[in-house]
Amino acid sequence: MKSKLLYKKVLFFFAHPDDETLSAGATINKLRSEGVRVKIVIASKGLTSRGEHNNKKISDHIKNLTEACKVLGVTSKDLHIGDFEDNSFDSEPLIKLVKFLENILKNFKADAIFTHHKFCTNIDHKYCHEAAVIASRPINGSFIDLYSCETISSSGYSKPSKYDPNFFYKVSKKNILAKQNALKKFKFELRKFPHMRSIEFIEIHAKYRGAHIGTNFAEAFIVNNLFI
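The opening position of the sequence shown corresponds to residue 219 in my numbering, with each subsequent residue numbered one higher.
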């Protein structure tokens, strides 16, 4: 089994605060521990679709995101937050989201992008996937590997399930603890077990994915593009 991904710079592109933790928190933490430069890009501040237009609540939400990323090993200088409308990405042309991501990639020459799966139940997640596919297309000598993530409590509700991972990334108990501690920063997003967005389920699911490859813990992804 290969011990690590041979990337120098990896970009994680998600729709809302906490998606980065639910989708790939342990992977982010492991990559950072190996010295990989990680940038997290969140397209929306979130909350507003729930009627939460209170500036204080939105500010607190962003603070929670910043603290969660810090737990995973990513500082605020490598966190980029957009201003797309929560749960309304489809109200604007897809090209706007594509340009948003492309402008970041111009300065952050990523070797790989991790993003949402195209069959997530959330419309914003679907748009992020489509934008990443377009922004990472192999042109002008640019070759960016692309992976789809399993966003816990979103990818799992699409039935029949179309999330069929073909890339399993071995992580440690320490990485899973970092993922759990990061998720704790989003207290209002947490649910009690047996909900999928619970602290207990984070470890259960990592063990489930680890069992697919005969190891204790793993996160599972789909390879969309891989350039050798």
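We treat Cβ as the ideally placed atom computed from N, Cα and C, and that holds for glycine.
- A direct Cα-to-Cα measurement between Ile322 and Lys425 gives close to 34 Å.
- Taking the CA atoms as reference points, Ser251 sits about 18 Å from Ser241.
- Residue ranges of uninterrupted alpha helix (DSSP H) with 4 or more members, entirely inside the stretch 340-388 and ordered along the chain, are 341-353.
- By the criterion of at least three beta-carbon pairs nearer than 8 Å, the stretch 408-423 is not in contact with the stretch 337-347.
- Between Ile331 and Ser354, the gap from beta carbon to beta carbon is short of 9 Å.
- In the same chain as Ala244, and ignoring 5 residues on each side of it, the C-beta atoms closer than 6 Å to its own belong to Val389, Asn393, Ile394, Lys397, Glu437, in chain order.
- Excluding the 5 residues flanking it on each side, Phe419 has same chain C-beta neighbours closer than 8 Å at Ile370, Phe411, Pro412, His413, in chain order.
- Per DSSP, the continuous beta strand (DSSP E) segment holding Val441 begins and ends at 436-443.
- Shown here, Phe232 sits in a strand according to DSSP, grouped into three states.
- When C-alpha distances from Lys314 are compared across Phe386, Tyr381, Ala349, the shortest belongs to Ala349.
- With 16 or more other Cβ atoms from the protein chains shown falling within 10 Å of its own Cβ, Glu238 counts as buried.
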